[in-house]
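S.K.:
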Amino acid sequence: MNFWDTVTGNDLTKEWKTFEARAAVLPADYRAAWEEMKTHLFSYSDFTGRNLMPIFDSALGLLEETAAEEQSIEDVLGDDIAGFCAALAGGEGARTYRDRWRDQLNRNVARKLGRG
(Lines of atoms letter the chains of each structure in order from A and count residues from 1; the text may use other names and numbers.)
(Lines give C-alpha, C1' and ligand atoms only; values in the text may rest on other atoms or scores of the structure.)
Protein backbone atom coordinates (compact mmCIF):
# COMPACT_ATOMS: atom_id res chain seq x y z
CA MET A 1 0.00 0.00 0.00
CA ASN A 2 1.48 3.31 -0.99
CA PHE A 3 1.22 6.59 0.85
CA TRP A 4 -1.24 8.22 -1.57
CA ASP A 5 -3.69 5.32 -1.34
CA THR A 6 -3.50 5.41 2.44
CA VAL A 7 -4.12 9.16 2.62
CA THR A 8 -7.01 9.16 0.14
CA GLY A 9 -8.58 5.93 1.35
CA ASN A 10 -8.25 4.23 -2.04
CA ASP A 11 -6.88 1.14 -0.32
CA LEU A 12 -10.07 0.85 1.73
CA THR A 13 -12.22 1.34 -1.36
CA LYS A 14 -10.40 -1.45 -3.18
CA GLU A 15 -10.65 -3.76 -0.18
CA TRP A 16 -14.34 -2.94 0.27
CA LYS A 17 -15.08 -3.72 -3.39
CA THR A 18 -13.38 -7.08 -2.89
CA PHE A 19 -15.58 -7.77 0.15
CA GLU A 20 -18.72 -6.89 -1.79
CA ALA A 21 -17.71 -9.10 -4.72
CA ARG A 22 -17.16 -11.99 -2.32
CA ALA A 23 -20.52 -11.35 -0.64
CA ALA A 24 -22.35 -11.18 -3.97
CA VAL A 25 -21.84 -14.92 -4.57
CA LEU A 26 -23.28 -15.92 -1.19
CA PRO A 27 -26.81 -17.37 -0.92
CA ALA A 28 -29.59 -14.82 -0.35
CA ASP A 29 -29.97 -15.42 3.39
CA TYR A 30 -26.21 -15.06 3.87
CA ARG A 31 -26.18 -11.79 1.87
CA ALA A 32 -28.97 -10.45 4.07
CA ALA A 33 -27.00 -11.41 7.18
CA TRP A 34 -23.89 -9.74 5.70
CA GLU A 35 -25.83 -6.50 5.18
CA GLU A 36 -27.10 -6.61 8.75
CA MET A 37 -23.61 -7.38 10.09
CA LYS A 38 -22.18 -4.37 8.25
CA THR A 39 -24.81 -2.15 9.83
CA HIS A 40 -24.04 -3.36 13.34
CA LEU A 41 -20.25 -3.42 13.00
CA PHE A 42 -19.90 0.12 11.64
CA SER A 43 -20.79 1.55 15.05
CA TYR A 44 -17.50 0.11 16.37
CA SER A 45 -15.44 1.88 13.73
CA ASP A 46 -12.76 4.45 14.31
CA PHE A 47 -12.68 7.59 12.16
CA THR A 48 -11.36 5.83 9.05
CA GLY A 49 -12.81 2.36 9.48
CA ARG A 50 -9.41 0.69 9.14
CA ASN A 51 -9.81 -1.06 12.47
CA LEU A 52 -12.80 -3.00 11.11
CA MET A 53 -11.24 -4.35 7.92
CA PRO A 54 -9.76 -7.48 9.56
CA ILE A 55 -13.08 -8.06 11.36
CA PHE A 56 -15.05 -7.75 8.13
CA ASP A 57 -12.63 -10.09 6.38
CA SER A 58 -12.98 -12.71 9.12
CA ALA A 59 -16.76 -12.38 9.29
CA LEU A 60 -17.09 -12.73 5.54
CA GLY A 61 -14.73 -15.71 5.60
CA LEU A 62 -16.95 -17.35 8.22
CA LEU A 63 -20.01 -16.77 6.05
CA GLU A 64 -18.25 -18.17 2.98
CA GLU A 65 -17.10 -21.31 4.79
CA THR A 66 -20.44 -22.05 6.37
CA ALA A 67 -22.31 -21.37 3.11
CA ALA A 68 -20.01 -23.88 1.39
CA GLU A 69 -20.90 -26.40 4.11
CA GLU A 70 -24.59 -25.57 3.51
CA GLN A 71 -25.30 -24.67 7.13
CA SER A 72 -28.24 -22.42 7.89
CA ILE A 73 -27.48 -18.84 8.80
CA GLU A 74 -29.33 -19.25 12.11
CA ASP A 75 -26.98 -22.10 13.07
CA VAL A 76 -23.98 -19.92 12.31
CA LEU A 77 -24.95 -16.55 13.78
CA GLY A 78 -27.86 -17.42 16.02
CA ASP A 79 -30.87 -15.19 16.45
CA ASP A 80 -28.96 -12.16 17.75
CA ILE A 81 -26.81 -10.76 14.95
CA ALA A 82 -26.24 -7.53 16.89
CA GLY A 83 -24.87 -9.53 19.82
CA PHE A 84 -22.71 -11.58 17.49
CA CYS A 85 -21.27 -8.38 16.00
CA ALA A 86 -20.64 -6.92 19.46
CA ALA A 87 -18.70 -10.06 20.34
CA LEU A 88 -16.68 -9.75 17.12
CA ALA A 89 -15.88 -6.12 17.85
CA GLY A 90 -14.54 -6.80 21.31
CA GLY A 91 -17.27 -8.19 23.45
CA GLU A 92 -20.48 -6.90 24.88
CA GLY A 93 -20.05 -3.35 26.05
CA ALA A 94 -17.23 -2.66 23.58
CA ARG A 95 -16.66 1.04 23.15
CA THR A 96 -18.16 2.58 20.03
CA TYR A 97 -17.24 5.84 18.37
CA ARG A 98 -20.20 7.42 20.17
CA ASP A 99 -18.72 6.43 23.52
CA ARG A 100 -15.34 7.91 22.61
CA TRP A 101 -16.93 11.16 21.41
CA ARG A 102 -19.09 11.38 24.54
CA ASP A 103 -16.00 10.95 26.77
CA GLN A 104 -14.10 13.57 24.78
CA LEU A 105 -17.00 16.02 25.03
CA ASN A 106 -17.31 15.44 28.78
CA ARG A 107 -13.55 16.04 29.26
CA ASN A 108 -13.71 19.25 27.21
CA VAL A 109 -16.72 20.58 29.11
CA ALA A 110 -15.13 19.70 32.47
CA ARG A 111 -11.91 21.46 31.45
CA LYS A 112 -13.83 24.58 30.35
CA LEU A 113 -15.70 24.62 33.64
CA GLY A 114 -12.44 24.28 35.54
CA ARG A 115 -13.17 20.85 36.94
CA GLY A 116 -10.68 18.83 34.91
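So in our numbering the end of the sequence shown lands on 196, straight run, no missing numbers.
Glycine included, each C-beta is placed from N, C-alpha and C at the ideal position.
1. In angstroms with no decimal places, state the Cα-to-Cα distance between GLY129 and GLU150.
2. Excluding the 5 residues flanking LEU92 on each side, which residues of the same chain have their C-beta closer than 8 Å to its C-beta?
3. Helix, strand or coil: how does DSSP classify PRO134 here?
4. Taking the alpha-carbon positions, what's the SER138 to ASP85 distance?
M.R.: Quick look at the numbers:
1. 31 Å
2. THR128, GLY129, ARG130 and MET133
3. helix
4. 23 Å
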